[in-house]
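Novice:
Protein chains: 2
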Amino acid sequence: MTTKKTLKRIIDVAAGREKADLAIINANVVDVFNHSIIKNAAVLVANGVIAGVRTEGELCADQIIDAKGEYVMPGFINGHVHIESSHLCPEMFASAVVPHGTTTVIADPHEICNVCGVEGLDYFYKATENIPLSVFFMVPSCVPATPFEHAGAVLGAKEIEKCINLDRVLGLGELMNYVGTSLGDDEILDKIMVANKAGKPIDGHSPNIHGETLDAYVAAGPFTDHECATPEELRERTSRGMYVLLRQGSACHDTERLAKGVDDYNARLCMFCTDDRQPNSIYKEGDIDNNIRLGVKGGINEITAIQIATINAATAHHLTDRGAIAPGKRADIVIAPSLEYPLPSKVIINGKLVAENGKYLEEVKPYIPKSVSGKVNIGDFSKDKLKLKINGNKARVIGVIPGSVVTKNTIESVCTDNDGYFMYSPDKDVAKIAVIERHNGLGNIGVGLIGGYGIKKGAIALSIAHDSHNFITVGVSDDEMYLAVKELERIGGGIAVVQNGKVIASLKHEIAGLLSAELNVKQMMEELDKIHKLAIDKLGVSKDVDPLMTLCFMALPVIPELKITDMGLFDVSAFSFTSVDV
Amino acid sequence: MTTKKTLKRIIDVAAGREKADLAIINANVVDVFNHSIIKNAAVLVANGVIAGVRTEGELCADQIIDAKGEYVMPGFINGHVHIESSHLCPEMFASAVVPHGTTTVIADPHEICNVCGVEGLDYFYKATENIPLSVFFMVPSCVPATPFEHAGAVLGAKEIEKCINLDRVLGLGELMNYVGTSLGDDEILDKIMVANKAGKPIDGHSPNIHGETLDAYVAAGPFTDHECATPEELRERTSRGMYVLLRQGSACHDTERLAKGVDDYNARLCMFCTDDRQPNSIYKEGDIDNNIRLGVKGGINEITAIQIATINAATAHHLTDRGAIAPGKRADIVIAPSLEYPLPSKVIINGKLVAENGKYLEEVKPYIPKSVSGKVNIGDFSKDKLKLKINGNKARVIGVIPGSVVTKNTIESVCTDNDGYFMYSPDKDVAKIAVIERHNGLGNIGVGLIGGYGIKKGAIALSIAHDSHNFITVGVSDDEMYLAVKELERIGGGIAVVQNGKVIASLKHEIAGLLSAELNVKQMMEELDKIHKLAIDKLGVSKDVDPLMTLCFMALPVIPELKITDMGLFDVSAFSFTSVDV
Numbered sequence: 313m314t315t316k317k318t319l320k321r322i323i324d325v326a327a328g329r330e331k332a333d334l335a336i337i338n339a340n341v342v343d344v345f346n347h348s349i350i351k352n353a354a355v356l357v358a359n360g361v362i363a364g365v366r367t368e369g370e371l372c373a374d375q376i377i378d379a380k381g382e383y384v385m386p387g388f389i390n391g392h393v394h395i396e397s398s399h400l401c402p403e404m405f406a407s408a409v410v411p412h413g414t415t416t417v418i419a420d421p422h423e424i425c426n427v428c429g430v431e432g433l434d435y436f437y438k439a440t441e442n443i444p445l446s447v448f449f450m451v452p453s454c455v456p457a458t459p460f461e462h463a464g465a466v467l468g469a470k471e472i473e474k475c476i477n478l479d480r481v482l483g484l485g486e487l488m489n490y491v492g493t494s495l496g497d498d499e500i501l502d503k504i505m506v507a508n509k510a511g512k513p514i515d516g517h518s519p520n521i522h523g524e525t526l527d528a529y530v531a532a533g534p535f536t537d538h539e540c541a542t543p544e545e546l547r548e549r550t551s552r553g554m555y556v557l558l559r560q561g562s563a564c565h566d567t568e569r570l571a572k573g574v575d576d577y578n579a580r581l582c583m584f585c586t587d588d589r590q591p592n593s594i595y596k597e598g599d600i601d602n603n604i605r606l607g608v609k610g611g612i613n614e615i616t617a618i619q620i621a622t623i624n625a626a627t628a629h630h631l632t633d634r635g636a637i638a639p640g641k642r643a644d645i646v647i648a649p650s651l652e653y654p655l656p657s658k659v660i661i662n663g664k665l666v667a668e669n670g671k672y673l674e675e676v677k678p679y680i681p682k683s684v685s686g687k688v689n690i691g692d693f694s695k696d697k698l699k700l701k702i703n704g705n706k707a708r709v710i711g712v713i714p715g716s717v718v719t720k721n722t723i724e725s726v727c728t729d730n731d732g733y734f735m736y737s738p739d740k741d742v743a744k745i746a747v748i749e750r751h752n753g754l755g756n757i758g759v760g761l762i763g764g765y766g767i768k769k770g771a772i773a774l775s776i777a778h779d780s781h782n783f784i785t786v787g788v789s790d791d792e793m794y795l796a797v798k799e800l801e802r803i804g805g806g807i808a809v810v811q812n813g814k815v816i817a818s819l820k821h822e823i824a825g826l827l828s829a830e831l832n833v834k835q836m837m838e839e840l841d842k843i844h845k846l847a848i849d850k851l852g853v854s855k856d857v858d859p860l861m862t863l864c865f866m867a868l869p870v871i872p873e874l875k876i877t878d879m880g881l882f883d884v885s886a887f888s889f890t891s892v893d894v
Numbered sequence: 313m314t315t316k317k318t319l320k321r322i323i324d325v326a327a328g329r330e331k332a333d334l335a336i337i338n339a340n341v342v343d344v345f346n347h348s349i350i351k352n353a354a355v356l357v358a359n360g361v362i363a364g365v366r367t368e369g370e371l372c373a374d375q376i377i378d379a380k381g382e383y384v385m386p387g388f389i390n391g392h393v394h395i396e397s398s399h400l401c402p403e404m405f406a407s408a409v410v411p412h413g414t415t416t417v418i419a420d421p422h423e424i425c426n427v428c429g430v431e432g433l434d435y436f437y438k439a440t441e442n443i444p445l446s447v448f449f450m451v452p453s454c455v456p457a458t459p460f461e462h463a464g465a466v467l468g469a470k471e472i473e474k475c476i477n478l479d480r481v482l483g484l485g486e487l488m489n490y491v492g493t494s495l496g497d498d499e500i501l502d503k504i505m506v507a508n509k510a511g512k513p514i515d516g517h518s519p520n521i522h523g524e525t526l527d528a529y530v531a532a533g534p535f536t537d538h539e540c541a542t543p544e545e546l547r548e549r550t551s552r553g554m555y556v557l558l559r560q561g562s563a564c565h566d567t568e569r570l571a572k573g574v575d576d577y578n579a580r581l582c583m584f585c586t587d588d589r590q591p592n593s594i595y596k597e598g599d600i601d602n603n604i605r606l607g608v609k610g611g612i613n614e615i616t617a618i619q620i621a622t623i624n625a626a627t628a629h630h631l632t633d634r635g636a637i638a639p640g641k642r643a644d645i646v647i648a649p650s651l652e653y654p655l656p657s658k659v660i661i662n663g664k665l666v667a668e669n670g671k672y673l674e675e676v677k678p679y680i681p682k683s684v685s686g687k688v689n690i691g692d693f694s695k696d697k698l699k700l701k702i703n704g705n706k707a708r709v710i711g712v713i714p715g716s717v718v719t720k721n722t723i724e725s726v727c728t729d730n731d732g733y734f735m736y737s738p739d740k741d742v743a744k745i746a747v748i749e750r751h752n753g754l755g756n757i758g759v760g761l762i763g764g765y766g767i768k769k770g771a772i773a774l775s776i777a778h779d780s781h782n783f784i785t786v787g788v789s790d791d792e793m794y795l796a797v798k799e800l801e802r803i804g805g806g807i808a809v810v811q812n813g814k815v816i817a818s819l820k821h822e823i824a825g826l827l828s829a830e831l832n833v834k835q836m837m838e839e840l841d842k843i844h845k846l847a848i849d850k851l852g853v854s855k856d857v858d859p860l861m862t863l864c865f866m867a868l869p870v871i872p873e874l875k876i877t878d879m880g881l882f883d884v885s886a887f888s889f890t891s892v893d894v
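Protein sequences appear in the order of chains A and B.
To get our numbering, take the position in the first sequence, counting from 1, and add 312.
To get our numbering, take the position in the second sequence, counting from 1, and add 312.
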């Protein structure tokens, strides 16, 4: 909180009685309230706070930044993001998005809490205490995501209550179980009551629900939706007072389509978000600046798009100290030559220049507490556990659909060895897939088959597998799968690729098996690209699928039709476990 | 807070699994988010909360209200009101405004706190605990209003800190000392820091300030302004992120004029308020329904006007539970045949029908604690104290300007008796005026002269005199002024009129000398009308001035040019005390 002395100084600078710390001159200031441009103005900053916008009179400041006629607007706010999707620790993530103008994010640390529980949130909280990017949190509401898998922790109402009142915790994270929420599921209501008691809001996640079911969901509490897919759904949600997040993730590209449903009236209920965004997308396309570009492309007025990226998200989350270039607001400022694609020339946070022409100017010093490293405990894992007995010559196989995280529940003829165990055959695109519990050494393993992935040699293993993030491995031989898993264990989680009985790539994600603290966004993108190339060129994975992302979603038992967890093969349509045998 | 069980039931009603308590059918529902009308719909209510809006399907409800094609909209929110101006206790005030569709008010108990201190707020808080009208509070920030008078109490930062965190206290009341605020006055900053620490907002009051001074004021903290007078000022304020209240008081008629500055963009920063509204205005013109009418008359789109009256105020004050007809919001509902002048046919609060065709359906049971009654202590007041010695035959006289609360600082020739004391002369419109400290028996009295008021006979005395509410009396003889004051003392405050040495009217305001708990709005209007008539017809007060309101503002030493307090005659332009002698 600003001290009285500081407040006094800001008032004095605003009144022109004291010299400002910084003046941004020759600025075309975006007035997000009157929806207009204040031309040829100067923005005065004192103690990290905007003191005023001047169009006349003399200026007195310690530092001058010449905007050279560029637009000067508030820093962008990402209304909903899982930082973990960037593979980067929060400090590195900041270094990737801040140069794109993102100055505030509302993060849902769903993935790291699935691995580390409350300590995952605690780590993110501390890691983001002293970085330029403002990071707020929603406490994940779905840990574990389902009862059909073992996560690293359970976040029940009690655990949520322990952290909901933290300063930078804005509320309860997305209620993904929208079916259960609309049904008034008891455990979900307990969590909702915790948020209500704290007077904090609840994020929604309500894909493809309508009418009465949507009413029930909204009545339960969620006030946002980032799963909205069509202009009609957008209007259906804003009509109910829900804030709709126009999402631009790596996989989900909603912004341009949803833009058609935005008008001058319901725009105030719109925000932008990225949800899940890979290093490749961040590096090549940007962050919220990219949402703005696509929103404008979709038909949103460019100043409205800036409102959506700034004041709307601030208003939605009661972040009254930011979101505008106005007296008393934080000096989180983007200077950019264009409004419709505001790639910043300069980014100022809290009054300090922190990025310039795409370059992050701050030092990155990751904080890595013990509580989130070495989160790999696969218990009594052995090669034998990968064996898969097949009765007969047909089996139930997870059928990969290229470009989708949905799978088919297929029956394929398969080969077995003399003892009746599954054996990879080069003439059939069916390989073995296994999920190995890695949090508490339970020794749990689910073994199944995957078709359409294309792998012809070796094995791949990952410790990133939504939402419980157990180890997931695919391969053509038990030996190589075993080796890939053991390599993952050795490096403390990450990605391992094995070919011809040897580890040919190994990418450490030493934080919770999810994040790297060593690589920046460009380096991470390049490493992942290398692994993609190896998977396709050396192991023969189909060019039509993303070798890693496809696996990441094979263990998520809420997306149809057939998935696999550490507890076995799961028929999502029937909402129950099933068997490989048919 | 809604219990878990209740929340479950609301969800079930929303989903159509359970019967609603109430269905409002044949409704044209105002969608304040999409800025549209949902035609021929039904609104379902469960446990005082809106469960959903249906346009198809079967309905199941215990009670049906047929809207007969009328508009169904959220209850109106008055963004800033001094309840005390109605002369009514809060319960009676509610009975006056609820039939006009006002379901929530944000009250600044500035007047009663000037008399009773924190106990005034405490009284209002308790009195409004169980009435249909939702009453929220801003803690008065200017008690006393100036150091040039004696109020009944002092609300310093310490006292404010004691009540700022109460549930229904939304923040700190209007910072009327805008000059001091822009200068960063130390005591004001202390109060601001209390609000900042509590994370609560601060109401503004910033008439006629611009540019750097306005920047300094906004940077200090205030986020609203209800003193905005022109469309240009409105845009200047919204540009800085201030919420502007379009006011329709009894004296200040700003709504229609300000409407010209409202467009589709800055409308979201507009609210309606009444500030100070007399019984006469409330009874004859209404409350926020009247602001809507005048806003539309001034050019605001009618749905936008409804937004301004509902969701905008709710959003501004983070009242996320109201302001819209949407699932999960409080069932505070207005049914009215017209949007541009929404005089309600029915008003529902918390799911219950509380007013119909102008009639309030709830019982009024005023709560009157000891702490706010008998607040009259004039100490050793005697007739002699009213004597006014004049040196020479000229004197400084408060010059009344008809229709204004501003006065002139005039010099008039006056008559004196043989001992040199002022003596009323029928051929000159100059009478005696006195302010008598009435809170702590200090024995303070300020005696001066008033011209242009027109009084020719008798005397009037009031215990309503902004902002300290000492006794104020005007008369042509010390005897009659004394009698009027003694009558006020006898009735515990209110209004007394004396003619020919006799009390001819006496209107009790037994609560703090400011409010009556016995009369409703119509009765109070009629009583005040009677007194007005007597003052003009019997005492000869000028028809051009409001006999009571004029006196109410004679003791307010922040409005130019010449005023009088219990400490003496005050030259507002020089910001110092002055003398009757010239």
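Just so you know, even glycine gets a beta-carbon here, dropped at the ideal spot from N, CA and C.
Since this is a predicted model, take the numbers as computed values, not measurements.
Counting contacts by CB-CB distance shorter than 8 Å, is residue 538 of chain B in contact with chain A?
Specialist: Not a single CB atom of chain A sits nearer than 8 Å to the CB of residue 538 of chain B.
Novice: Within the continuous alpha helix (DSSP H) that includes residue 415 of chain B, where are the two ends?
Specialist: Segment 414-419 is the beta strand (DSSP E) holding residue 415 of chain B; no alpha helix (DSSP H) there.
Novice: Measure the beta-carbon distance from residue 365 of chain A to residue 355 of chain A and round it to whole angstroms, keeping in mind my assumption that it falls under 8 Å.
Specialist: Contact flag correct, Cβ pair sits at about 6 Å.
Novice: Starting from residue 494 of chain B, trace the beta strand (DSSP E) in both directions and tell me its first and last residue.
Specialist: Note, residue 494 of chain B: premise wrong, no beta strand (DSSP E); alpha helix (DSSP H) at 490-494.
Novice: Could you have a look at residue 659 of chain A and say whether DSSP puts it in helix, strand or coil?
Specialist: strand
Novice: Nearest-angstrom Cα distance between residue 568 of chain A and residue 521 of chain A?
Specialist: Put simply, the backbone Cα of residue 568 of chain A is about 21 Å away from that of residue 521 of chain A.
Novice: Does residue 515 of chain B come within less than 8 Å of chain D when only Cβ atoms are used?
Specialist: No chain D appears in the structure shown, which is made up of the protein chains A and B.
Novice: Are the beta-carbon atoms belonging to residue 783 of chain A and residue 773 of chain A less than 8 Å from one another?
Specialist: yes
Novice: Using a Cβ-Cβ cut-off of 8 Å, state whether residue 530 of chain B counts as contacting chain A.
Specialist: For residue 530 of chain B, the answer is yes, since a Cβ of chain A falls inside 8 Å of its Cβ.
Novice: I'd like to confirm the pairing. Which residues does DSSP put opposite residue 582 of chain B in its beta bridges?
Specialist: B/556
Novice: Using a cut-off of 9 Å between C-beta atoms, extract the partners of residue 639 of chain B located in chain A.
Specialist: 526, 527, 528, 529, 530, 531, 532, 552, 553
Novice: Is the CB of residue 547 of chain A under 8 Å away from at least one CB in chain B?
Specialist: For residue 547 of chain A, the closest Cβ of chain B is nearer than 8 Å.
Novice: I'd like to check one pair, residue 566 of chain A with residue 386 of chain A: are the Cβ atoms closer than 8 Å?
Specialist: no
Novice: DSSP three-state call for residue 392 of chain B: helix, strand or coil?
Specialist: Here residue 392 of chain B sits in strand by DSSP.
Novice: For residue 565 of chain A, name the three-state secondary structure that DSSP assigns.
Specialist: strand
Novice: Going by DSSP, what residue range makes up the beta strand (DSSP E) through residue 724 of chain B?
Specialist: Per DSSP, residue 724 of chain B belongs to the beta strand (DSSP E) from 719-725.
Novice: Is residue 887 of chain B buried or exposed, if buried means 16 or more other CB atoms sit within 10 Å of its CB?
Specialist: exposed
Novice: Excluding sequence positions up to five away, which residues of its chain have a Cβ less than 8 Å from the Cβ of residue 714 of chain A?
Specialist: 764, 854, 856, 857
Novice: Beta-carbon of residue 620 of chain B versus every beta-carbon of chain A: anything under 8 Å?
Specialist: no
Novice: Use the C-beta contact count for residue 508 of chain B: other C-beta atoms within 10 angstroms, 16 or more gives buried, fewer gives exposed.
Specialist: buried
Novice: What residue range is occupied by the uninterrupted alpha helix (DSSP H) comprising residue 550 of chain B?
Specialist: 543-551
Novice: Give the DSSP bridge partners of residue 386 of chain A, in chain order.
Specialist: In the DSSP output, where bridge partners are listed per residue, residue 386 of chain A has A/645.
Novice: With residue 862 of chain A as the anchor, note down where its alpha helix (DSSP H) starts and where it stops.
Specialist: 859-864
Novice: So for residue 732 of chain B, helix, strand or coil by DSSP?
Specialist: Note: residue 732 of chain B maps to coil in three-state DSSP.
Novice: Going straight from the alpha carbon of residue 821 of chain B to that of residue 620 of chain B, what length do you get?
Specialist: The straight-line gap from Cα to Cα measures roughly 34 Å.
Novice: What does a CB cutoff of less than 7 Å around residue 669 of chain A pick up in its chain, not counting 5 residues either side in sequence?
Specialist: 657
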